[in-house]
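Each remark here refers to the structure printed beneath this line.
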Amino acid sequence: MAKPVTLKELSKKEILFASGHRLCAGCGAPIIVKMVLLASDYPLIAANATGCLEVSSCISDYTAWKIPWIHNAFENAAATLSGVETMYRSLKKQGKIDKDIKFIAFGGDGGTYDIGLQSLSGAMERGHDMLYICYDNGAYMNTGIQRSSATPLGADTTTRPAGSVVPGKTEQRKNLTKIMAAHNIPYAAQASPSHWADLVRKVRKALDIPGPKFMNIISPCNRGWRSRTDDAIMLSRLAVETCYWPLYEIENGVTKITFKPREKKPIIDFLKPQGRFKHLFKPDAEDFLKRIQDDIDKEWERLQKEEACFSS
Amino acid sequence: MKLKNWKEVNPGSVITEPGSSEKFKTGSWRSSKPIWIEENCIQCLFCWIYCPDNAIKVKDGKRGEFDYEYCKGCGICALECPGKKGNKAIIMVEEGK
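Here the protein sequences come in this chain order: A and B.
Per the working numbering, the first sequence starts with residue 1, numbered consecutively.
Per the working numbering, the second sequence starts with residue 1001, numbered consecutively.
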């Protein structure tokens, strides 16, 4: 059993993601990056797929990163980092590097679920020793809130707007964590910045495991979710407590739920504070709300059964 | 902060100074301002871990004053602050008042 994480202990370390980045006030992404970088005891090298985090953290000759960091196109963060990792292994073999370095790729949901999926899948299949972290804010927020395959059912986006006929997105979001676990990688997990100790523990665990690892982290976006600037942590906590975003890990094919809410909250608690779902609270949208709740119940039920399969 | 022209930028836009974004003071974005009330603070450090802009500095496990040069005034710290006996240790006030 790993020793518990305390904020006091973490606060002694240097934060490797500097102030002065140009992400919006109240954005979830810098909180996630800060926690991930604090979690590591290894020297890190990061690659970043195009997205909010990438464009806002290195504007015109200035960078917020205090670790070696490479920017690349939308679709190939995992491919780029595979190359860097391969070079590192070669240099290590030649005796030119003796440090134990870990590699992390960051991508948003657009660069991970959609555009970067094939390069990510390739990197996982080839078995590179790297951790891919997806910060999932549920749409292409950087370019103006276009629908992605991570956008939740019923959300209003600029390319799938809610109106008198269509109640926002009518398709379910895809379950990327499960897709990555289906690559039979040693570690895939879901985390939330509201549960920082769980997040830090998962990152530490992932970095200690050799081979390809994947983590999916929910990242509230007040611009795209049409919510207040101060509720990023509150909303990510509600996402966990309503089981919209269950916290679990799949280690060598074995599923383990790492946080079970004492009382599962109804999904409307999570939807209500967000303007992107406001059309669902009109009188004629009850059926659609029920469909959202049913989908979440089914998914949660399934996850618990998966866990039960392995616990006996 | 003066921007470099194209001749002064490194080939491939390689940046050699880590964390140079600190030269850009994002505090000017703020429309509301967090105020720390020390007597209500239990030093849980939730504000420190949840701050997106590292605008709270911690020394020897204890938080100090806000760094208003970078604080964008999002208010996450004030919302998450548990306070002492129901009294928040961080409140938000309108900027400039």
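Every residue, glycine too, gets a C-beta built ideally from N, C-alpha and C.
All of these numbers come straight from a predicted model, not from anything done at the bench.
Residue i - containing alpha helix (DSSP H), residue span
i	result
PHE316/A	Because chain A is modelled from 1 through 312, residue 316/A falls outside the range shown and cannot be assessed.
LYS34/A	29-39
CYS24/A	Run containing CYS24/A: none; DSSP gives neither H nor E here.
GLU241/A	232-241
LEU247/A	It is not in any alpha helix (DSSP H) - LEU247/A instead sits in the beta strand (DSSP E) that spans 247-251.
Per-residue DSSP class, three states only, for residue i
i	result
GLN190/A	strand
ARG126/A	helix
GLY107/A	strand
VAL1014/B	coil
LYS93/A	helix
PRO283/A	helix
GLY275/A	helix
GLY1027/B	helix
ILE70/A	strand
GLU85/A	helix
VAL1009/B	coil
LYS260/A	coil
THR112/A	helix
TRP65/A	strand
Listed by chain order, chain B residues near residue i by CB distance under 8 Å
i	result
PRO30/A	PRO1052, ASP1053
LEU23/A	PRO1052
Inter-residue Cα distance where the pair is residue i and residue j
i	j	result
ASP61/A	LYS1004/B	8 Å
ILE115/A	TYR140/A	11 Å
ALA1089/B	MET234/A	18 Å
PRO13/A	PRO1082/B	Checking the sequence, you will find Lys at residue 13/A rather than Pro. Straight-line Cα distance between these residues: approximately 24 Å.
GLN206/A	GLN1043/B	For clarity, residue 206/A is Ala in the given sequence; the question names Gln instead. Those two C-alpha atoms are separated by around 30 Å.
TRP300/A	LEU81/A	33 Å
TYR244/A	ALA191/A	12 Å
MET1/A	ARG201/A	In this prediction, MET1/A scores a pLDDT of 48, lower than 50, which makes its location untrustworthy; the coordinate-derived value is nonetheless stated afterwards. Those two C-alpha atoms are separated by around 11 Å.
TRP225/A	ILE217/A	16 Å
SER1032/B	CYS1077/B	12 Å
ILE31/A	HIS21/A	12 Å
ILE145/A	LYS1085/B	41 Å
GLU9/A	TRP1048/B	13 Å
LYS99/A	ASN222/A	40 Å
ALA181/A	GLY253/A	7 Å
ARG237/A	SER194/A	5 Å
Partners in chain B for residue i, counting only beta-carbon separations shorter than 7 Å
i	result
PRO229/A	The sequence shown places Thr at residue 229/A, rather than the Pro named in the question. In chain order: CYS1074, GLY1075.
SER11/A	LEU1045, TRP1048, VAL1058, GLY1061
TRP196/A	ILE1049
SER82/A	Within 7 Å Cβ-Cβ: nothing; SER82/A doesn't reach chain B, min ~20 Å.
Host beta strand (DSSP E) of residue i (start-end)
i	result
ALA47/A	44-48
SER1032/B	1032-1036
ARG1063/B	1062-1066
ASP136/A	131-136
Chain-ordered neighbours of residue i on chain B, where CB pairs are closer than 9 Å
i	result
SER60/A	LEU1003, LYS1004, VAL1009, SER1013
Chain-ordered chain A contacts of residue i [CB-CB under 7 Å]
i	result
SER1020/B	TYR62, THR63
Beta-carbon neighbours of residue i, restricted to chain A and to distances below 8 Å
i	result
GLU1080/B	ILE233, MET234
Can you list, in chain order, the stretches of the alpha helix (DSSP H) that have 4 or more residues and sit fully within the segment 143-191 of chain A?
-> 176-181
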